[in-house]
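Residue numbers (our numbering): 144 to 710. This report concerns only the one structure given below.
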């Protein structure tokens, strides 16, 4: 195929009636002001999507348009193009053919890029047009750091040699950027962030050092290396987190920030002495503000409206319940970001402080120096707050102080470990909290779970098994069940062969009304459970998850997982 022609994007879009002459004029003026490319300006203004622009270019140039979301790429072929060139030209090597390379480009009219790519790949190019955002996302996946990490780990093994090495002095002298340990860790973090990982696990085994990352709740092996490098890696991390490097027999906790791809990531680190060395787990908390907005949580619109109404009250308690790792803290911080205004004083009491947010007064509980939840809470209430977040209702004393604060003019947010929303008030009574406190302070309980979404790139129709049909029938009815179209992912290069990619929270919310409060005040748990069930009919976690499965967004097994936890 010959070199592409040079064309003007604006003229193409007007000719194809995607934008008017007037819109083009305004976009060109904005382009002059900002210096950004015309396509970017039109996307930012919400006039066109990146896909629209790519399709228009493809039509004009007589090239195929490729939707990368559904393209199952081969990493080996893509890796033939170095990452630097791929990022610079927004290009991906997709297929190697007998005499040519199929290359996806977001701007196929860039003649310089065409010449450079031909030179690098040493073959004639066949071009396809791809959307820029999808190209960048795919580049992030293709050039994951796994090989580089393994290579750096090997390099570090060679660096240490066979002699006995004093890791203390080695760690202390690792000032230079080139030090293999620093390079290895940098690649580890870059890979984890590109893969969208929530945790990095560094686990010394008898002869190997195992490094894994958790993506969407599932652990994936990242690399394995010789166990001799483990102390050097752990030592460097301890220095970063300001931990005691001489203490190897006690668990330690710390935190630090790393800059990865121009974004700051908060890292919460925990060490644990195991048989073959110290195991390290790092929780990655991306500071992106988008994550902590109520709109981005995925609550149904009517629930969001009710939740906002409750948050706007001056007093009362809101509890968020669910198992560990179900996103409770994220929900509470999204609520806090809404309450964090100039006219409110917000204090949080946590163990540990998870997200750092400007404008909040955040207190870390420390049992070692007898700084318990209850002790901090007592002092917090003397600080005249409007809103108090208590990390967790761990014991009766903490719960009682929190509920009392809710009675005396504060908005209190907290978490509790219960299966569903209706169990939370009963759990508080079991802890020995006076009934009048629960009845008059509790405004609402939200229960949540995280479900894994079906990978959009390899989704296909799915027929439920006999066992799944038996489970679904009472929930859906025979008629609805036969008409339903369920989906699942077959596994592809976009989702690491798992068939699932990304997660979403499902919620249920129980608002306290008079009948519920009266039943709790009388300690009539049976009447309370009955009234709560009537209140929640059609709006439980299982109902919400089932609705997602009927839309083809999650699998039946995900719904059953929630349902079985509820039974």
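Every residue, glycine too, gets a C-beta built ideally from N, C-alpha and C.
Please name the residue or residues paired with residue i in a DSSP beta bridge.
i	result
residue 403	406
residue 424	344 and 413
residue 630	604
residue 651	590
residue 713	The question about residue 713 has no answer here: the residues shown for the chain are numbered 144 through 710.
residue 236	246
residue 461	556 and 587
residue 532	491 and 556
residue 701	None; residue 701 has no bridge partner.
residue 519	Paired residues: none, contrary to the question.
residue 208	272
residue 396	413
residue 514	509
residue 363	356
residue 429	408
Whole-angstrom Cβ separation of residue i and residue j, contact assumed at under 8 Å?
i	j	result
residue 496	residue 523	Contact flag wrong, Cβ pair sits at about 14 Å.
residue 454	residue 588	About 14 Å; that fails the 8 Å criterion.
residue 713	residue 529	The requested residue 713 does not occur in the structure, where the chain is confined to residues 144 to 710.
residue 580	residue 546	4 Å
residue 712	residue 427	Beyond the ends of the chain as shown, which are 144 and 710, falls residue 712; an answer cannot be given.
residue 374	residue 420	6 Å
If you reduce the DSSP assignment to three classes, tell me which class residue i lands in.
i	result
residue 223	coil
residue 150	coil
residue 385	coil
residue 374	helix
residue 191	coil
residue 543	helix
residue 306	With a pLDDT of only 41 at residue 306, under 50, the local geometry of the prediction cannot be trusted, and no value is derived from it.
residue 160	coil
residue 583	helix
residue 643	strand
residue 436	coil
residue 319	At residue 319, the pLDDT of 49 sits below 50, so the modelled position is not reliable; the number obtained from the coordinates is stated separately. Correct three-state label for residue 319: coil.
residue 452	helix
residue 369	strand
residue 356	strand
residue 691	helix
residue 241	coil
residue 507	strand
residue 269	strand
residue 470	coil
residue 313	Model confidence at residue 313 stands at a pLDDT of 39, short of 50, so the residue's coordinates are unreliable; what they give is reported in the following sentence. If DSSP states are grouped into helix, strand and coil, residue 313 belongs with the helices.
residue 262	helix
residue 597	strand
residue 251	coil
residue 443	coil
residue 230	helix
Of the choices the options, whose alpha-carbon is the least far from that of residue i?
i	options	result
residue 625	633, 608 and 638	608
residue 551	516, 456 and 357	456
residue 599	675, 213 and 406	213
residue 371	642, 297 and 515	297
residue 582	275, 667 and 474	667
residue 632	619, 605 and 623	605
residue 592	418, 390, 704 and 228	704
residue 536	499, 465, 512 and 473	465
residue 247	224, 241, 554 and 262	224
residue 544	564, 584, 380 and 560	584
residue 640	619, 215 and 396	215
residue 477	379, 693, 494 and 437	437
residue 450	428, 468, 479 and 469	479
residue 205	160, 356, 645 and 252	252
residue 634	642, 628 and 627	642
residue 256	268, 232, 245 and 291	232
residue 227	283, 347 and 174	283
residue 348	151, 509, 423 and 575	423
residue 719	621, 678 and 692	For residue 719 there is no data in the structure shown, the boundaries of the chain being 144 and 710.
residue 441	164, 646 and 677	646
residue 573	562, 596 and 539	539
residue 415	429, 396, 403 and 401	396
residue 392	172, 417 and 553	417
residue 618	674, 687 and 575	687
Check the Cβ-Cβ distances between residue i and every residue of chain D, and say whether any is below 8 Å.
i	result
residue 494	No chain D is present in this structure, which holds just one protein chain.
Inter-stretch contact (C-beta, 8 Å, three-pair minimum) for the stretch 649-657 and the stretch 435-453: yes
Any 3 or more C-beta pairs closer than 8 Å across the stretch 658-666 and the stretch 680-695: no
Contact between the stretch 402-411 and the stretch 321-341 (3+ Cβ pairs under 8 Å): yes
Stretch-stretch touch, CB-based, cutoff 8 Å, three pairs: the stretch 607-623 with the stretch 688-706: yes
Segment contact flag, the stretch 510-524 with the stretch 565-580, C-beta cutoff 8 Å, min 3 pairs: no
Touching by the beta-carbon criterion (3+ pairs, under 8 Å), the stretch 188-203 and the stretch 256-274: yes
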